[in-house]
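Counting in UniProt numbering, the sequence shown runs from 1 upward without gaps. Glycine included, every Cβ here is placed at the ideal spot set by N, Cα and C. Computed from a predicted model, the values in this text were never measured in an experiment. Read the structure below first, then the notes.
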Amino acid sequence: MKLNFKKSGSGEPLIILHGLFGSADNWFSIAKELEKYYTLYLVDQRNHGESPHSDEWNYKVMAKDLNELMENEKIESANLMGHSMGGKTVMNFALQYPEKVKKLIVADIAPRHYPVHHQSILEGLTSVKLQEIKSRKEADDQLAKHISEAGIRQFLLKSLGRDKDGNFIWKINLPVINDQIENVGEALDYDANFENPTLFMGGANSKYIQEKDKEDIDKYFPNNHLIYIKNAGHWLHAEQPQAVVETVKAFLK
1 MKLNFKKSGS GEPLIILHGL FGSADNWFSI AKELEKYYTL YLVDQRNHGE SPHSDEWNYK
61 VMAKDLNELM ENEKIESANL MGHSMGGKTV MNFALQYPEK VKKLIVADIA PRHYPVHHQS
121 ILEGLTSVKL QEIKSRKEAD DQLAKHISEA GIRQFLLKSL GRDKDGNFIW KINLPVINDQ
181 IENVGEALDY DANFENPTLF MGGANSKYIQ EKDKEDIDKY FPNNHLIYIK NAGHWLHAEQ
241 PQAVVETVKA FLK
């Protein structure tokens, strides 16, 4: 699948993948700092952003999508960074195509299985009557019945777009995501490991990377370094962008 991406900057390639319900746009503020040092590729994964929709949606095919992008862009090897679902994608990619990854950065996700915990978000997104709403405010009002946190609603509403006739649509492939949401929580299952430097960057206030995860991290990524960003939860790049930028720069040097 040919993914949508935004390219900027110069230097060694750094490819960044967003998380579930997100898009390349989530990383713009980070990109403004990092593009001074790297050629950045901010990627929309399949069924998200401006990339194509597909009924097939799992980490194996998302890793293949990334490989196709690198081949099309003639990138022999790159530094990879992924947040949450994007972190699982780049972990899978590094284990399948280790020769194509210089350094790996995984933001607030571990190799283990995660149970489905996005039910209220999916219910909220599904509840929005796209054919009836006249404004983003109306969509927000409908989402608020299921999701109380305004910040989460604003993040989700970035995926609200319009079709060629001006009607509201979700840019994400909501039916497939809803039907296959368990795929996002899948654990890594390989007989291989990735030996190049790997940074696991967690939010200090998040529970996504726990002490019990160190065994799996060491198994698949023996050359790893685990750090926590202070005063940050799961959305560490939005909550502490400067700390994330400095951490990424220090690791990639």
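Contact check, residue i vs residue j under 8 Å by CB: the rounded distance?
i	j	result
Glu195	Asn224	Rounded, the Cβ-Cβ distance is 10 Å, inconsistent with contact.
Ile229	Val244	6 Å
Leu66	Thr89	7 Å
Can you give me the C-alpha to C-alpha distance between residue i and residue j, rounded to a whole angstrom?
i	j	result
Lys100	Met62	15 Å
Leu174	Thr126	8 Å
Asn72	Tyr41	13 Å
Tyr220	Gly161	39 Å
Asn205	Ile121	21 Å
Pro52	Asn231	36 Å
His117	Phe28	27 Å
Pro241	His146	28 Å
Ala24	Glu215	31 Å
Lys207	Asp165	43 Å
Ile16	Met81	5 Å
Asn193	Asn26	29 Å
Ala78	Glu138	42 Å
Arg112	Leu95	15 Å
Val176	Asn47	8 Å
Arg136	Val128	11 Å
Ile30	Glu239	11 Å
Glu211	Asp163	45 Å
Pro190	Ser54	The question names Pro, yet the displayed sequence has Tyr at residue 190. In a straight line, the C-alpha of Tyr190 is about 25 Å away from that of Ser54.
Pro197	Tyr97	15 Å
Pro115	Ile181	10 Å
Ile172	Glu149	20 Å
Asp179	Met201	30 Å
Can you check which of these residues, the options, is closest to residue i by C-alpha distance?
i	options	result
Pro13	Gln154, Lys103, Gly233	Lys103
Leu199	Met85, Ala110, Leu66, Gln45	Ala110
Trp57	Ala250, Ala107, Thr247, Asn183	Asn183
Val248	Glu33, Lys88, Glu138	Glu33
residue 257	Gln45, Gly11, Ala150, Asp44	This structure cannot speak to residue 257, because the chain is shown only from 1 to 253.
Asn167	Ile133, Ile30, Val43	Ile133
Leu226	Ile105, Lys137, Gly233	Ile105
Gly151	His234, Asp55, Ala250, Ala31	His234
Ile209	Leu156, Gly87, Glu123, Asp140	Gly87
Is it true that the CB of residue j sits closer than 9 Å to the CB of residue i?
i	j	result
Gly203	Leu236	yes
Lys158	Gly19	no
Leu130	Ile169	yes
Leu188	Met91	yes
Gln45	Met85	yes
Ser8	Glu35	yes
Lys60	Met1	no
Phe5	Val43	yes
Assign residue i to one of two classes, buried (16 or more other C-beta atoms within 10 Å of its C-beta) or exposed (fewer than that).
i	result
Pro108	It should be noted that the sequence gives Asp, not Pro, for residue 108. Counting Cβ neighbours within 10 Å, Asp108 comes out buried, since at least 16 surround it.
Arg153	buried
Ala250	exposed
His83	buried
Report yes or no: is there a C-beta of chain C within less than 9 Å of the C-beta of residue i?
i	result
Gln96	Among the chains of the structure shown, chain C does not appear; only one protein chain is present.
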